[in-house]
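To keep things clear, I will list the structure first and then write my remarks on it.
There are 6 protein chains.
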Amino acid sequence: MSEVLKNAQTQIRIAVDKLGLSEDVYELLKEPQRVFEVSIPVKMDDGSIKIFKGYRSQHNDAVGPYKGGIRLHPNVDLDEVKALSIWMTFKCGIVGIPYGGGKGGITVDPSELSQGELERLSRGYIQKIHKYLGDRIDIPAPDVGSNAQVMSWMVDEFEKIKGHQEPGVITGKPIPLGGSLGRTEATGLGVVEIAKSYLKKINKDPNEATAAVQGFGNVGSFTCRFLEIAKIKVVSIAGHHKGEQFAIYKEDGIDIQALMEFRKTNKNLKEFEGIEVIDMDKFWGLNVDL
Amino acid sequence: MSEVLKNAQTQIRIAVDKLGLSEDVYELLKEPQRVFEVSIPVKMDDGSIKIFKGYRSQHNDAVGPYKGGIRLHPNVDLDEVKALSIWMTFKCGIVGIPYGGGKGGITVDPSELSQGELERLSRGYIQKIHKYLGDRIDIPAPDVGSNAQVMSWMVDEFEKIKGHQEPGVITGKPIPLGGSLGRTEATGLGVVEIAKSYLKKINKDPNEATAAVQGFGNVGSFTCRFLEIAKIKVVSIAGHHKGEQFAIYKEDGIDIQALMEFRKTNKNLKEFEGIEVIDMDKFWGLNVDL
Amino acid sequence: MSEVLKNAQTQIRIAVDKLGLSEDVYELLKEPQRVFEVSIPVKMDDGSIKIFKGYRSQHNDAVGPYKGGIRLHPNVDLDEVKALSIWMTFKCGIVGIPYGGGKGGITVDPSELSQGELERLSRGYIQKIHKYLGDRIDIPAPDVGSNAQVMSWMVDEFEKIKGHQEPGVITGKPIPLGGSLGRTEATGLGVVEIAKSYLKKINKDPNEATAAVQGFGNVGSFTCRFLEIAKIKVVSIAGHHKGEQFAIYKEDGIDIQALMEFRKTNKNLKEFEGIEVIDMDKFWGLNVDL
Amino acid sequence: MSEVLKNAQTQIRIAVDKLGLSEDVYELLKEPQRVFEVSIPVKMDDGSIKIFKGYRSQHNDAVGPYKGGIRLHPNVDLDEVKALSIWMTFKCGIVGIPYGGGKGGITVDPSELSQGELERLSRGYIQKIHKYLGDRIDIPAPDVGSNAQVMSWMVDEFEKIKGHQEPGVITGKPIPLGGSLGRTEATGLGVVEIAKSYLKKINKDPNEATAAVQGFGNVGSFTCRFLEIAKIKVVSIAGHHKGEQFAIYKEDGIDIQALMEFRKTNKNLKEFEGIEVIDMDKFWGLNVDL
Amino acid sequence: MSEVLKNAQTQIRIAVDKLGLSEDVYELLKEPQRVFEVSIPVKMDDGSIKIFKGYRSQHNDAVGPYKGGIRLHPNVDLDEVKALSIWMTFKCGIVGIPYGGGKGGITVDPSELSQGELERLSRGYIQKIHKYLGDRIDIPAPDVGSNAQVMSWMVDEFEKIKGHQEPGVITGKPIPLGGSLGRTEATGLGVVEIAKSYLKKINKDPNEATAAVQGFGNVGSFTCRFLEIAKIKVVSIAGHHKGEQFAIYKEDGIDIQALMEFRKTNKNLKEFEGIEVIDMDKFWGLNVDL
Amino acid sequence: MSEVLKNAQTQIRIAVDKLGLSEDVYELLKEPQRVFEVSIPVKMDDGSIKIFKGYRSQHNDAVGPYKGGIRLHPNVDLDEVKALSIWMTFKCGIVGIPYGGGKGGITVDPSELSQGELERLSRGYIQKIHKYLGDRIDIPAPDVGSNAQVMSWMVDEFEKIKGHQEPGVITGKPIPLGGSLGRTEATGLGVVEIAKSYLKKINKDPNEATAAVQGFGNVGSFTCRFLEIAKIKVVSIAGHHKGEQFAIYKEDGIDIQALMEFRKTNKNLKEFEGIEVIDMDKFWGLNVDL
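Each protein sequence line maps, in turn, to chains A, B, C, D, E and F.
Oh and the first sequence: position 223 is 223 in my numbering, straight run, nothing missing.
Oh and the second sequence: position 252 is 1252 in my numbering, straight run, nothing missing.
Oh and the third sequence: position 61 is 2061 in my numbering, straight run, nothing missing.
Oh and the fourth sequence: position 106 is 3106 in my numbering, straight run, nothing missing.
Oh and the fifth sequence: position 162 is 4162 in my numbering, straight run, nothing missing.
Oh and the sixth sequence: position 101 is 5101 in my numbering, straight run, nothing missing.
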């Protein structure tokens, strides 16, 4: 058993013991209820056939359908999706939404596939396990390496097989095909909500707080933007360009809206106007509130 | 990967190379198309809940539904059922019947369970995977540790869920519930058919051939009986009683029908009339044709 | 509880006791597993709506799908179909065919309905219970008051709802729509088989045996015909015409083939040539073997 | 036909006549569209098998799925569930919700069963009729003798058979498994709403009204609480303790919130502070508005 | 190909060209994805069987289920329903609702059928294509020649076949059977919304605007009523009575609510009090804003 | 309406009149019960998307599932498949097999597609109409332009969608995938059976009969072979090579088995040993019995 799965099981162990629950509960939760391991044959663009391994772990559906992403990564294996599906049960339980934990994956580096190959792989994954998917059974979503386009192919294949529309079978679809508004911004918003709770707890006025953020991708940029909206000054942002790690810095706060606009055409944060470039050691040593 | 699965894959490797088939064929056959790993909770007679691990490997359904037994044994694991399912594809292919390879298992020592516990375990196994079973999808059968009674429970659970009769979903049922006549005798008959082919090949008249058979259980007794029907003299049968190994011997052939009748009430072959008891060394040194 | 159901249960009681079976078996068999009582609204030809009561009793499906007729008669009630379904389980078991007992009925005098009303009633019956019918679930057939035409409507309604052909859902269909050949003659043939067994038991040569038969409808005429084929002399046949009861008699045997031909155009047996007409008292006093 | 069913039919008769509806309407409503009578075998804790009779009456689904409870009581019979299902059609129609009338029952005294036996009985009931249940077909609920735990088993069995989540198939589930909030308080709230309408009709200011309530269980306690919220003084509450009937009384109104808190640890209302104990004769003679 | 279908395709051609979309898009949109042509046998009241032709065109379901009416008209043919279904895709797209285009029709003059014949025809239409209808597949509605009653029969037939309630399969049902409130008024409301946008665009105060409306049926009367609610004066309404065309006129605005009330009992608008009757030439020459 | 459909309808007209059947029968048979017209988008090898039109006409399923080929030809249109499906009903009826008439087609020249494009087209056809296909609904087969390979793709797509094996949904599959033995020889055998009936009718001894056969492809060669088996002398066979038409001739009969063997490696019949080459005029003037 891999470390990641052992960790997940140890956490259940601790939780069950702390809550004084019976041994039965531990037994019921330590392993997923159902796991698929499937072989997905894909006709590659050069005419050969390559087989990819796919997984889907369905941990526990006591309170609702399984829910969790599909990860496309070369290191995905059986134990990893099992562990991740256990954590999804916890995540759903903590926020009190009526879903159980699920997680899937395909052992593949998606960047090495053409769009055609990726589409055939995505469709093939659904063909192998569709009987245990559905908006009342198990609802996948994007995860590392997959995205809205992959979800579109998967929904389309699922609906083709079922013979009816069932957009709720997969979340994270493109907006025009029934995706939810706000999904892109959601994680950044969540980070800032936690930050605000923390400031409240330490009695710090947001207007006087400062923050440093590592990364300016999807999550990072929206985190910065929601900090700005909350009047929290973002003084430094760590990034990288062509393999080099660095941070940009501005004492009285970086203009995030401007930076997001700038970023659309220029990937190198260093070239943003009015900022100072600092090294990562200095970044980690910054005296900020968040 | 365990040795048993490596062996199975190596055999495919060799076969593909010998037949000059393309690499694609090896890729397609080296792993099962779909494998289930499920957790089956069973309420034990003492009121506690115990979780058992169950597996079902569906290797290849290109020519027909998956077909293969369900093994109940404490050492069953994922790789073993995968390897066994690969071999089932080969077995079906060699005799040319339109089925593909499948194999299932539950990690359990069935002798440690009460009948009630075994029933609940058998039913639980079906509940977890029933959507990919059926007389047009995958058809289990008994294997090591399971038997006609276990198959009855499984068929009953399957039919309860589906809401219709589908006895063909599982073979090896008891005769009154739709099991096939002749299943008990079948293996012995197959052994004798091979023996007859061998005699034909070496140009030996069956009437003049002699045979020694190890064991007089289900397979052994019917082997002897079909040899007798084929006019092949069975001169010795090895058996055991209360831990002792030995063989019985009669130069002009043992009366098998009489022995089978005798066996119904008396388990000790030594006490059968008109035979001589010999030790195993002598048994293995017998000068027989078969 | 009505007499008929009490009788059926008493028979189970006796059988269970004689066979030394456990009380559980009696409990399991004394009542059907499932009974439907439905209201079937029919738009009558005069525009009004009339509600008919329909029943279907499914006694036991342990060895195969439920099987039994649908009776259309003004006295049909819940207890009657229950009792009849119990007897169907016994009938199927005695001849060893893999079906369980079922029986249905509609409380109606079919002779008072127009063809259109009868069709709408037949279709309405299927609409109410179709989810528990099917060639793998429960297989109706004609019974008192219903016939091949009624079965056609029922199959058609069933297939319309299911969206596929399933002629095996109902037996007793017209031949061109998949009915079985020989169904009409079958009962008469069975009667004669029993007669032959009886003669054998009493060591009477069929060539020397004589028989008297009551009735010359579907069952009676074929009974006579199969007796003739078996060289058993039919010396008298009881019939009725315009309310009068009587019998025809011929000492050296009535020519059955000729009588069947005659009957096609002339319903009055008295007018058949070469026979003598006798009264019923004399008929019952005849000295015949069968 | 039993009295209860005759009563229900007489009511339809009266309603149809008063509304001047056609005879067809009476014909359509006087009997349920479909009734099930099933035999449910339960393996008892002592190893024997006992058969229980279950019923489900589906009266009319013209405006929506059938809806109605499942009663567990030793006197439940076919006619009772028929009558109750007729009344459910009326209840749904009066409040204008899009459901039709249904009602089920099992002839059993649930207090004589162990939890294990009750679970097996509940699951067995669903197994027999599941094809005509569903959130779009027929939606049971608890009734006399059944409760949220029984509903949980039934939903679980239903979802196990269907292979997907369908919590809407049964209402009255425990809150954590998807039950509706407020179900416990609902009846009490309804009682008080009617009380308020009455006061309004007689032009009585709620602030000046007084009430006496019989019982302080689920319905009684919430009735008192909602009266208190509506500023209606509850001056007396009748209760019982160890077989003795009595009432508590306080002229300027009992503090209901405090009494509900007190009741959690002390079942004897007499011991609540600041109240006077009166006998039942006095209780019934109280000069109160409600 | 008929003119109407050519027109629809030309419009797609123009749209694709203007938007600079690829040729593939034109190819995908120029023809429906699936079209049914079915023969519906109807038993006429005189006992004969007449065959009617029915159609259903499902143009494109990329963003949601197909949606569109069922037209009953003697001129309906394959090309017309194709063209109409193309336009439905556009209509849904313009207002941004997640449905694709569909349209059906039956070649029949419904006024020549009795109610019984029309019911059998409506049910027959559903029987032929039900597998590709459903609230997640294709959702019909009334159109020229069909109405809420026809929709009721169709929903009932669909639900009878499916064995569950699915009122969402067809819109435009009668209110008591789940139809939507406001459907009758909706078109008139839409007309007035457009009128108000127009006034805003030309900077005209609604209080000072005047309108003339042609027709006072379902659409016309609600258009007038919503204009009145918007304080826009309706000075003239064109109508007809016994073949004569005319308009009524009142300079300071017709009292619409009163007119609607009047209309319930009197079909001749001329007789409404306080108005002036003008001829159509004058009507068309009126100097009004709308 | 095209000529071919008019012809088919005229034949029904004539048949109905000759048999004295009611007008209803003509009405029921003159048009198919259900026809599909679908658009099949295919991603071509050059990346563009091309739309193909597909059809399926289901004429009449009164006696069994629809049955008929799928034609791939550039001239296929709606009326052609309708007419062909009518003829299939007749064909099945004449030989008395329980199937109704069906026929499908795709408007395409299959020789202009790559194998990949043809596969995607074949699969797309099934995706559009699969709900009305099945071994109990409608059973396609190869026809002009399609073959066993096309059928394999179609069966595979169908089974992928249904999630179970259903090889009976399409006939004409390759033997290893469940195709029927003898399909290749069947037409030739039928021709010879008719020839033998003819000889019997004219009282000609087969041993003395002679035959001339045009063509030596699939049908021709097996016709010759079965003639030879029936002892009928084949004296001449017409063929062509590189655009030239000719016949081979041998007075005492051509050795067909030898010729079939020869043909495997040599396409030019002229080079077969021991025969004489004659021109087509002479071929048509031959004095043969068949």
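Ideal placement from N, C-alpha and C gives every residue a C-beta, glycine not left out.
All of these numbers come straight from a predicted model, not from anything done at the bench.
Cβ atoms of C/Cys2092 and C/Gly2100 come within 8 angstroms of each other, at about 7 angstroms.
Residue environment: A/Ala8 is assigned as buried (16 or more neighbouring CB atoms within 10 Å of its CB, all protein chains considered). In this structure, the straight-line span from the alpha carbon of A/Val63 to that of A/Leu269 is close to 45 angstroms. In the structure shown, D/Thr3184 falls within a helical segment according to DSSP collapsed to helix, strand and coil. Going by beta carbons, D/Asp3138 and D/Arg3056 fall inside the 9 angstroms limit.
Along the segment 5171–5188 of chain F, the positions whose C-beta sits under 8 angstroms from a C-beta of chain B are Pro5176, Leu5177 and Gly5178, read in chain order. Within chain C, the residues placing a beta-carbon under 8 angstroms from that of D/Tyr3132 are Lys2131, ordered along the chain.
The beta carbon of F/Ala5148 sits closer than 7 angstroms to the beta carbons of Pro5142, Gly5172, Lys5173, Pro5174 and Gly5179 from its chain, once the five residues preceding and following it are set aside; these are given in chain order.
At least one beta carbon of chain B lies nearer than 9 angstroms to the beta carbon of A/Val38. The beta carbons of B/Lys1128 and A/Arg136 sit no closer together than 9 angstroms. Approximately 15 angstroms separates the beta-carbon atoms of E/Lys4233 and E/Ala4247; this is outside 8 angstroms, ruling out the contact. Between A/Phe52 and D/Phe3036, the alpha-carbon positions lie close to 51 angstroms from each other.
Scanning its chain for C-beta atoms nearer than 7 angstroms, with the 5 sequence neighbours on each side dropped, one finds around E/Phe4283 the residues Ala4212, Ser4236, Ala4238 and Ala4247, in chain order. Scanning its chain for C-beta atoms nearer than 8 angstroms, with the 5 sequence neighbours on each side dropped, one finds around B/His1241 the residues Lys1267, Asn1268, Leu1269 and Lys1270, in chain order. For D/Glu3251 and D/Asn3287, the gap between their C-alpha atoms comes out near 11 angstroms. In this chain, B/Gly1064 is not harboured by any alpha helix (DSSP H), its DSSP state being neither H nor E. Just so you know, the alpha carbons of B/Gly1116 and B/Ile1040 end up roughly 15 angstroms apart.
Judged by beta-carbon spacing, F/Trp5153 lies beyond the 9 angstroms limit of F/Glu5112, meaning their Cβ atoms are not closer than that value. Listed as beta-bridge partners of B/His1164 by DSSP are no residues whatsoever.
The Cβ of B/Gly1163 sits closer than 9 angstroms to at least one Cβ of chain C. C/Asn2203 and C/Ser2197 have their C-alpha atoms some 10 angstroms from each other.
Annotation for C/Lys2282: the continuous alpha helix (DSSP H) segment containing it runs Met2280 to Trp2284.
Taking 9 angstroms as the threshold, the shortest C-beta distance from B/Glu1166 to chain C falls below it. Assigned with DSSP and collapsed to three states, C/Pro2176 falls in helix. Residues of the segment 4016–4041 of chain E with a C-beta atom less than 7 angstroms from some C-beta of chain F are Asp4024, Glu4027, Leu4028, Glu4031, Pro4032, Gln4033, Arg4034, Val4035, Phe4036, Glu4037, Val4038, Ser4039 and Pro4041, listed in chain order. As for any alpha helix (DSSP H) of minimum length 4 sitting wholly inside the segment 182–257 of chain A, the runs are 183–201 and 218–229, ordered along the chain. Between the alpha carbons of B/Val1277 and B/Gln1245 lies a gap of roughly 11 angstroms. Considering only beta carbons, the part of the segment 1051–1084 of chain B lying closer than 9 angstroms to chain F consists of Asp1061, Ala1062, Val1063, Gly1064 and Pro1065, in chain order. Interface criterion met: the Cβ of E/Lys4128 is under 9 angstroms from a Cβ in chain F. A Cβ-Cβ contact shorter than 9 angstroms links D/Gly3188 with D/Ser3221. Secondary structure note for F/Gly5104: its beta strand (DSSP E) is the uninterrupted segment Gly5100 to Thr5107. Distances from the alpha-carbon of C/Glu2208 to those of C/Ile2126, C/Gly2168, C/Lys2231 and C/Gly2215 put C/Lys2231 closest.
Of all residues in the segment 1200–1231 of chain B, none comes within less than 8 angstroms of chain F when Cβ atoms are compared. DSSP, read as helix, strand or coil, puts D/Arg3056 in strand. Contacts between D/Ser3048 and chain C, judged by CB atoms closer than 8 angstroms, involve Glu2023 and Asp2024 in chain order. By the Cβ neighbour-count rule, E/Arg4013 is exposed, with fewer than 16 other Cβ atoms within 10 Å of its own.
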